[in-house]
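Novice: Dropping a structure here in structure tokens format, bear with me for questions.
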Amino acid sequence: MSEDRRLAVLRAIVEDYVATQEPVGSRMLTERHSLGVSPATIRNDMAALEEAGLIAQPHTSAGRIPTDQGYRLFVDRLAQVRPLSAPQRRAIETFLSDGVDLDDVLGRAGRLVAQLTGQVAVVQYPSLRRSGLRHLELVPIGVDRLLVVVITDTGRVEQRILEVPTLAEATPTADDGSLAELRARLNVAAAGKRLAELPVAFEQVTNEVDLALKPLAALIVATVVDTLDEKNEERIVLTGTANLARASMRFEQGLGPVLEALEEQVVLLGLLSEMTHDATLLSQAAPGVGPVAVRIGQENRHEGLTEASVVTTGYGPVEDGDAVAFLGSIGPTRMDYPGTIASVRAVARYLSRVLPS
Numbered sequence: 360m361s362e363d364r365r366l367a368v369l370r371a372i373v374e375d376y377v378a379t380q381e382p383v384g385s386r387m388l389t390e391r392h393s394l395g396v397s398p399a400t401i402r403n404d405m406a407a408l409e410e411a412g413l414i415a416q417p418h419t420s421a422g423r424i425p426t427d428q429g430y431r432l433f434v435d436r437l438a439q440v441r442p443l444s445a446p447q448r449r450a451i452e453t454f455l456s457d458g459v460d461l462d463d464v465l466g467r468a469g470r471l472v473a474q475l476t477g478q479v480a481v482v483q484y485p486s487l488r489r490s491g492l493r494h495l496e497l498v499p500i501g502v503d504r505l506l507v508v509v510i511t512d513t514g515r516v517e518q519r520i521l522e523v524p525t526l527a528e529a530t531p532t533a534d535d536g537s538l539a540e541l542r543a544r545l546n547v548a549a550a551g552k553r554l555a556e557l558p559v560a561f562e563q564v565t566n567e568v569d570l571a572l573k574p575l576a577a578l579i580v581a582t583v584v585d586t587l588d589e590k591n592e593e594r595i596v597l598t599g600t601a602n603l604a605r606a607s608m609r610f611e612q613g614l615g616p617v618l619e620a621l622e623e624q625v626v627l628l629g630l631l632s633e634m635t636h637d638a639t640l641l642s643q644a645a646p647g648v649g650p651v652a653v654r655i656g657q658e659n660r661h662e663g664l665t666e667a668s669v670v671t672t673g674y675g676p677v678e679d680g681d682a683v684a685f686l687g688s689i690g691p692t693r694m695d696y697p698g699t700i701a702s703v704r705a706v707a708r709y710l711s712r713v714l715p716s
């Protein structure tokens with residue numbers, strides 16, 4: 360019973376500290392929460408929590424604040440995540456569904472997370488490694504150039520222009536019929552395959568086409584494979600950095616280290632992916648959305664984020680626990696964890712709905 364009560368005291372301290380930004384004393388807990396025990400018992404519980412490293416006293420005669428370990432226990436013991444209101448859910452769905460293309464949709468998703476949480480939002484573009492090829496188009500432009508358009512099943516569109524001298528010669532190797540046949544063969548070969556599987560499938564097409572068409576086929580295949588190389592997928596949307604200015608007092612080392620960490624996109628992408636494997640995963644995963652992961656303070660291995668917390672989840676079709684991409688929220692450790700988790704999860708769910716399927 361004392362263990363449950365101490366967890367209730369810890370939960371009350373976290374909630375009050377997040378709300379007031381002030382250290383929490385036993386008198387405040389007695390006045391604001393129905394804990395069912397005397398102030399003396401609460402003081403004893405606070406002493407036990409402090410001894411366990413879950414709360415700390417920032418200075419003499421002050422109340423207590425949660426430590427990273429205390430926030431971790433609070434998050435791990437969340438009984439439920441506060442759902443968003445019906446108007447909030449409708450606003451999210453409407454705002455995302457009005458996006459005109461992938462760039463617009465992801466930008467809107469980032470702005471939503473930043474607005475709902477009052478923190479920084481980070482949204483990863485759909486991973487090419489986890490995407491498939493929806494359609495490949497070959498369009499002659501001029502007499503010696505060819506536009507190659509690649510559309511993935513997650514809505515990414517990549518375009519490349521090839522210099523093809525044979526187009527100007529009007530030979531059978533590059534006439535409209537040959538291009539149509541080549542396009543059809545490549546699209547059939549790509550059906551149902553992930554982008555990482557395309558080089559092998561396309562090599563077979565190159566081997567099977569007429570001898571005169573092989574050079575053009577090889578050039579197109581090489582261009583598509585290079586375009587879809589994983590090195591080209593390191594893209595994220597980062598919004599809400601101005602929100603950090605309003606929370607600057609929560610970072611003892613100042614905003615500099617955090618801002619520097621946010622500028623390193625490779626670090627952020629690695630962190631988002633890594634968290635799905637070794638961070639604490641909350642059980643409240645929404646249908647079609649991966650589980651929510653939370654990393655707090657010193658759990659972040661990047662020095663610039665040791666005073667920050669990161670909440671992230673996957674979005675898009677989740678197959679074998681592997682999402683198409685990730686989105687998350689980054690803010691000070693003194694954050695509204697239930698609200699942040701609910702916001703990140705809700706935006707991920709609606710983002711999954713509006714992505715091309």
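Throughout the sequence shown, residue numbering follows the working numbering, covering 360 to 716 in sequence.
Backbone N, C-alpha and C define an ideal beta-carbon position, used for all residues, glycine too.
Quick caveat: nothing in here was measured; it's all calculated off a predicted structure.
1. Which first and last residues belong to the beta strand (DSSP E) in which A684 is found?
2. Could you check what DSSP says for P485 in three-state terms: helix, strand or coil?
3. Look up P650 in the DSSP assignment and say whether it is helix, strand or coil.
4. Which one of Q478, E452, G412, D427 has the shortest CA to CA distance from T699?
5. Helix, strand or coil: which one does DSSP assign to S361?
6. What is the DSSP secondary structure of P382, counted as helix, strand or coil?
7. Mapping DSSP to helix, strand and coil, what is E522?
8. Considering just the uninterrupted stretch of the alpha helix (DSSP H) at E452, what are its terminal residues?
9. Hey, out of R519, D460, G466, F610, whose CA is closest to D512's CA?
10. List the endpoints of the continuous alpha helix (DSSP H) containing P442.
11. Label V703 either buried or exposed according to how many other C-beta atoms from any shown protein chain fall within 10 Å of its C-beta, with 16 as the threshold for buried.
12. If you draw a straight line from the alpha carbon of L388 to that of H418, how long is it in whole angstroms?
13. According to DSSP, is P417 helix, strand or coil?
14. Below 6 angstroms CB to CB, which residues in the same chain sit around V508 once its five sequence neighbours on both sides are set aside?
15. Skipping 5 residues on each side, what residues in its chain have a beta carbon closer than 6 angstroms to that of E619?
16. Applying the criterion that 16 or more other CB atoms from any shown protein chain within 10 Å of the CB defines a buried residue, is D404 buried or exposed?
17. Assuming the contact rule is C-beta atoms closer than 8 angstroms, G629 and P485 should be a hit. Round their C-beta distance to whole Å, please.
18. Assign S668 to one of two classes, buried (16 or more other C-beta atoms within 10 Å of its C-beta) or exposed (fewer than that).
19. Measuring only the C-alpha atoms, how far is V396 from I655?
20. Between the Cα of L432 and those of R370, R693, L541, spot the shortest distance and give me the residue it belongs to.
21. Would you check if the distance between the CB atom of V564 and the CB atom of L578 is smaller than 8 angstroms?
22. Leaving aside the five residues before and after V498 along the sequence, list all residues of the same chain whose C-beta is less than 6 angstroms from its C-beta, in chain order.
23. Over what stretch of residues does the beta strand (DSSP E) that includes R504 continue unbroken?
24. To the nearest angstrom, how far is the alpha carbon of L437 from that of A581?
25. I'd like to know whether the C-beta atoms of Q428 and L413 end up nearer to each other than 8 angstroms.
26. Could you give the distance in angstroms between the alpha-carbon of E540 and the alpha-carbon of V568?
27. Would DSSP call A346 helix, strand or coil?
28. Where does the unbroken alpha helix (DSSP H) through R470 begin, and where does it stop?
29. Since G491 sits in a beta bridge, which residues does DSSP pair it with?
30. Is I597 helix, strand or coil when you go by DSSP?
31. Within 10 angstroms of its Cβ, does G384 collect 16 or more other Cβ (buried), or is it exposed?
32. Consult DSSP for G673 and reduce its assignment to one of helix, strand or coil.
33. Which of the three DSSP states, helix, strand or coil, is assigned to A742?
34. Looking at the structure shown, is L497 part of a helix, part of a strand, or coil, going by DSSP?
35. D423 by DSSP, collapsed to three states: which one?
36. According to DSSP, is A667 part of a helix, a strand, or is it coil?
Specialist: Straight from the coordinates:
1. 684 to 691
2. coil
3. coil
4. Q478
5. helix
6. coil
7. strand
8. 445 to 456
9. D460
10. No alpha helix (DSSP H) contains P442, which DSSP labels as neither H nor E.
11. buried
12. 19 angstroms
13. coil
14. E496, Q518
15. G663
16. buried
17. With 8 angstroms as the limit, G629 and P485 do not qualify as a contact, their Cβ atoms being about 17 angstroms apart.
18. buried
19. 31 angstroms
20. R370
21. no
22. L506
23. 504 to 511
24. 50 angstroms
25. yes
26. 9 angstroms
27. The structure shown does not extend to residue 346, since the chain is modelled only from 360 through 716, so no value can be given for it.
28. 461 to 476
29. R553
30. Checking the sequence shown, residue 597 turns out to be Leu, not Ile. Reduced to three states, the DSSP call for L597 is strand.
31. buried
32. strand
33. The question about residue 742 has no answer here: the residues shown for the chain are numbered 360 through 716.
34. strand
35. For the sequence presented, residue 423 should be read as Arg rather than Asp. The answer is strand: DSSP assigns R423 an E or B state.
36. strand
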